[in-house]
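Protein chains in written order, with numbering that gives the first Met the number 0: chain A, 0 to 383; chain B, 0 to 383. Idealized CB from N, CA, C, for every residue including glycine. One structure below.
2 protein chains.
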Amino acid sequence: MQKCLKCGKVDGVIRSGIVRGKQRYYCKSCDFSFVLDQNNPDLPKNKGLTTIVDIARHLGISVSTVSRALNDKFDINPNTKKLVNQAAIDLDYKPNLIAQSLHKGYSHIIGVVVPDIEHPYFAKMLAGIHNIINHTAYSIIVCHSNESAELEYLHIEKLLSYRVDGILISHSKTVFDFDHIQKVINKKVPIINIDRIVNQHEIPKVVNNDIEGSKEVVQHLFACKYKRIAIIAGPKSLSITQKRTQGYLDAFQEKGIEPQTDLMVYSDFTSAGLINAFNTLMSLPEPPDAIFCIFFKDAIDSIKLAKKRNIKIPEELGVAAFGDDAISGNVEPTLTAYNPNPVKLGEVSVSILLDKIKNKENPKEMSTIIEGELMIRDSTRKFL
Amino acid sequence: MQKCLKCGKVDGVIRSGIVRGKQRYYCKSCDFSFVLDQNNPDLPKNKGLTTIVDIARHLGISVSTVSRALNDKFDINPNTKKLVNQAAIDLDYKPNLIAQSLHKGYSHIIGVVVPDIEHPYFAKMLAGIHNIINHTAYSIIVCHSNESAELEYLHIEKLLSYRVDGILISHSKTVFDFDHIQKVINKKVPIINIDRIVNQHEIPKVVNNDIEGSKEVVQHLFACKYKRIAIIAGPKSLSITQKRTQGYLDAFQEKGIEPQTDLMVYSDFTSAGLINAFNTLMSLPEPPDAIFCIFFKDAIDSIKLAKKRNIKIPEELGVAAFGDDAISGNVEPTLTAYNPNPVKLGEVSVSILLDKIKNKENPKEMSTIIEGELMIRDSTRKFL
DNA sequence: AGAACTATCGGAAACGTTTTAGATTATGAT
DNA sequence: ATCATAATCTAAAACGTTTCCGATAGTTCT
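Here you go:
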């Protein structure tokens with residue numbers, strides 16, 4: 000039936016089980032078990048890229064010597080080093096970072112999770128991160144959670160699997176359970192929370208200057224001699240609503256003026272919500288003469304609505320926003336806005352992360368606040 | 000002087016060379032060489048994350064069994080599999096993708112090189128890439144070349160070192176030497192060229208519909224009954240100038256009208272250049288009654304300039320652009336523009352790349368063209 | 001010419017995983 | 001019980017590096 004691979008006999012060879020899906024045979028004569036190996040000509044694993052072993056063989060020396068040569072270790076003959084370096088060029092050798100990572104225990108990769116890469120704000124944040132990273136040996140794996148909690152969880156898993164040296168995360172709106180972050184902390188993987196933060200963990204956070212920035216805007220409106228300054232906020236539960244409203248109130252307090260609750264309206268960041276909010280304000284017995292929108296798009300829409308009603312901006316109504324955009328400088332009139340600094344936000348976050356990776360210690364302050372800049376434009380120049 | 004580590008004697012121990020920077024000793028009595036190891040309590044390499052070995056030890060079985068259990072191999076006892084899976088959860092095991100990559104020979108990482116992540120166009124392209132990638136086992140390393148040739152070269156090196164399974168690249172403006180791409184090809188690493196392409200390599204390319212899109216814009220202008228349609232292009236050497244001008248000319252040809260060279264001006268994408276171009280056109284004995292800008296920003300600026308001169312848009316002058324942006328819908332009048340589809344550009348590119356990684360073969364067509372959409376707005380509604 | 005010393009090399013282990021190849025134990029039929 | 005067969009396990013190699021531990025050949029003193 001089946002010839003024995005060892006002694007060549009056919010008698011005495013019996014089937015003896017199935018192993019890994021293949022028939023196994025046993026030869027009684029020579030006490031030998033075997034399966035037929037269908038020599039499958041697998042794809043070559045090595046992508047064909049040169050390895051240190053190729054260099055060693057090429058020069059007839061050992062791999063350890065090649066390694067020491069390439070890494071500028073001192074117990075190496077300068078001449079050998081020269082030879083190795085030349086061979087590396089000739090064979091177009093690129094060190095295998097995967098192998099290095101495995102050996103050294105760190106990957107030189109940092110993971111970044113953002114909820115919306117398409118948004119100019121996050122795009123700028125990423126640019127800031129790259130600004131710093133481009134001068135280091137690190138690379139970044141960018142994950143897009145697309146405002147989905149499930150994806151955020153998955154991405155964190157993946158990043159841990161890639162054994163990233165650290166993680167930067169800006170949470171999705173839809174995440175309310177933060178076990179995934181706790182797991183990262185448990186594994187002692189450095190992690191920094193940017194912009195969309197959550198306070199329940201003892202990790203460094205880097206955020207916008209929401210309170211001060213909003214205060215600046217409102218102070219500017221006061222300086223323009225507006226008397227009845229309204230605010231169009233977002234859902235009350237959101238931290239940005241709370242902080243930016245806080246800044247609004249702070250400005251009133253410093254000015255010594257009592258804020259009026261009917262001038263504080265809460266929308267939901269939709270166009271319909273804004274129209275509602277705007278109409279509510281304008282229907283007041285004493286409508287506002289200025290509006291501070293905590294959301295940039297609401298300000299743009301407010302300008303449009305005011306123009307429809309033939310309300311003159313900035314003379315009859317001042318409009319200002321928290322958050323800037325290229326649009327702000329191109330609408331008519333151009334929109335005064337507090338411009339946060341997402342680029343710096345990114346830069347500072349990675350810097351803190353890199354520091355934490357190297358020194359294993361947190362920054363002095365757990366929370367870092369990034370200053371922005373008030374862009375004064377035509378929508379508020381009443382008396383300036 | 001120095002006690003022998005083997006026999007304990009002090010006499011007969013002599014210094015015997017320096018090895019790896021440390022003093023070496025030799026004991027004549029027992030013929031033994033040694034260096035003092037200052038037991039440096041190195042940082043633990045393993046970040047403390049659970050490994051397959053931990054699971055094996057925890058259950059008292061072998062690592063290969065654990066591996067087979069986790070990978071759903073068939074020659075495994077269902078009970079053992081259950082045990083292993085439970086242990087994996089208990090110990091919060093995450094597979095080490097680095098080790099897997101090294102073993103399997105592919106990293107499940109793809110590299111993306113973009114010249115400007117901050118730009119909404121590329122941000123959208125990245126979003127498209129993520130859309131597809133998020134449904135696969137792949138992750139992406141994003142590299143920002145920041146329009147620098149040096150950085151682009153460096154990034155390609157790094158990606159090769161990371162043994163990425165494939166590369167998507169959109170070239171920097173400043174790159175004129177494409178050796179780095181040739182090296183990638185030589186190493187048989189799949190690579191796709193997106194948007195900012197170069198034609199000297201036999202690799203798949205994915206691009207915008209520059210010619211057809213421009214033609215559509217001009218055809219639309221004709222449909223609006225504009226008679227003297229000008230084009231403000233970019234530097235003549237650029238491929239986008241050539242392609243979009245081509246579209247402009249194609250529209251004229253189909254209409255059976257001879258294009259006039261004095262209505263075709265070449266700018267340089269700067270504000271100063273645009274002002275110059277605009278003035279040149281308007282100073283013509285017979286100025287144009289419509290302008291097609293191949294660069295979106297030039298159209299926005301043209302609108303501003305026309306308004307300054309009290310030229311009515313769209314009645315006296317139609318303005319349209321190649322390239323869309325959130326600004327287009329917010330200026331006054333809103334700007335008609337051909338909106339390319341960078342999201343789809345990204346999606347199609349990765350799909351082609353993933354296909355090439357899996358099947359090792361190029362798409363049927365080396366060049367894929369992504370259709371956009373003409374957004375008709377107020378700046379051209381003359382007779383519509 | 002020995003002894004003492006230096007410079008430079010090579011072998012092997014380790015990182016965490018998968019896979020190959022074979023061993024061992026269990027089951028079923030006679 | 002015994003033999004044929006099946007099911008399930010383990011050891012070891014391999015992926016590409018770096019590093020540890022030592023070996024060896026050459027050099028410089030006495």
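Neighbour list for residue i in chain B, Cβ cutoff strictly below 9 Å
| i | result |
| --- | --- |
| Y265/A | Those do not exist, as Y265/A stays about 24 Å from chain B at its closest Cβ, beyond 9 Å. |
| N95/A | L101, S160, Y161, R162 |
| L90/A | Residues of chain B passing the Cβ test: none, with the nearest at roughly 11 Å. |
Backbone secondary structure at residue i - three-state DSSP
| i | result |
| --- | --- |
| A319/B | strand |
| N38/A | For N38/A, the pLDDT reaches just 46, beneath the cut-off of 50, and the residue's location in the model is therefore unreliable, leaving the point undetermined. |
| H200/A | coil |
| I13/B | strand |
| P43/A | Note that P43/A scores 47 on pLDDT, short of 50, meaning its location in the model is unreliable; the coordinates nonetheless yield the value given after this. It is coil, neither helix nor strand. |
| A136/B | coil |
| G165/A | strand |
| Y218/A | Note that residue 218/A is Gln in the sequence shown here, rather than Tyr. Note: Q218/A maps to helix in three-state DSSP. |
| Q252/B | helix |
| N208/A | coil |
| K123/A | helix |
| E372/A | strand |
| V112/A | strand |
| M263/A | strand |
| T244/B | helix |
| S282/A | coil |
| N401/B | The requested residue 401/B is not part of the displayed model; chain B covers only 0 to 383. |
| R23/B | strand |
| S28/A | coil |
| I228/A | strand |
Cα-Cα separation, residue i to residue j
| i | j | result |
| --- | --- | --- |
| M263/B | P286/B | 12 Å |
| K359/B | G165/B | 11 Å |
| R380/A | E314/A | 8 Å |
| K186/A | L344/B | 38 Å |
| D384/B | D176/B | Outside the modelled stretch of chain B, which goes from 0 to 383, sits residue 384/B, for which no answer is possible. |
| F73/B | K81/B | 13 Å |
| P284/B | R227/B | 12 Å |
| D288/B | V347/A | 50 Å |
| N38/B | K357/A | Note that N38/B has pLDDT 43, beneath the 50 cutoff, so the model's placement of it is unreliable and the number below is only indicative. Each residue's alpha carbon lies about 21 Å from the other. |
| I239/B | I368/B | 14 Å |
| V12/A | S32/A | 9 Å |
| P258/B | Q245/B | 11 Å |
| C142/A | P362/B | 27 Å |
| Q241/B | Q181/A | 55 Å |
| S61/B | R56/A | 35 Å |
| P43/B | Q99/B | Summary for P43/B: the model assigns pLDDT 46, below 50, so the residue's position carries little reliability, and this model does not support an answer. |
| R308/A | K306/B | 22 Å |
Residue i: contacting residues in chain B (beta-carbon distance under 7 Å)
| i | result |
| --- | --- |
| N329/A | I299, I326, N329, V330 |
| L316/A | Chain B residues near L316/A: none, gap ~17 Å exceeds 7 Å. |
| I140/A | S138, I139, I140 |
Whole-number beta carbon distance between residue j and residue i, since they are thought to touch under 8 Å
| i | j | result |
| --- | --- | --- |
| Y337/B | G233/B | Wrong, their Cβ atoms sit about 15 Å apart, outside the cutoff. |
| A122/B | I116/A | 6 Å |
| L125/B | L352/B | That belief does not hold up - the Cβ atoms of L125/B and L352/B are roughly 14 Å apart, past 8 Å. |
| I139/A | I131/A | Not really, about 10 Å apart at Cβ, beyond 8 Å. |
| R162/B | I97/A | 5 Å |
Neighbour list for residue i in chain A, Cβ cutoff strictly below 7 Å
| i | result |
| --- | --- |
| D311/B | One detail in the question is off: residue 311/B reads as Lys in this sequence, not Asp. Correct list: empty, because the minimum Cβ distance to chain A is about 15 Å. |
| A98/B | L101 |
Chain B residues whose Cβ lies nearer than 8 Å to that of residue i
| i | result |
| --- | --- |
| K123/A | E117 |
| L150/A | N133 |
| A126/A | I116, E117, H143 |
| V18/A | D74 |
Heavy atom of the ligand ATP within 7 Å of residue i beta-carbon
| i | result |
| --- | --- |
| Q218/B | This structure simply doesn't include the ligand ATP, nor any ligand for that matter. |
Within chain A, the residues that residue i reaches when beta carbons sit closer than 8 Å
| i | result |
| --- | --- |
| E156/B | K93 |
Tell me, please, whether the region 82 to 97 of chain A touches the region 149 to 165 of chain B by the rule of three or more beta-carbon pairs shorter than 8 Å. yes
Sufficient close CB pairs (3 or more, under 8 Å) joining the region 164 to 178 of chain A to the region 140 to 150 of chain A: By the Cβ rule, the region 164 to 178 of chain A counts as touching the region 140 to 150 of chain A, because three or more pairs are nearer than 8 Å.
Using 8 Å as the Cβ pair cut-off and three pairs as the minimum, do the region 208 to 223 of chain A and the region 193 to 200 of chain A touch? no
Okay, do the region 288 to 304 of chain B and the region 317 to 326 of chain B touch, 3+ Cβ pairs below 8 Å being the bar? yes
Segment contact flag, the region 44 to 62 of chain A with the region 13 to 32 of chain A, C-beta cutoff 8 Å, min 3 pairs: no
The region 327 to 335 of chain B in contact with the region 362 to 382 of chain B per 3-pair CB rule at 8 Å: yes
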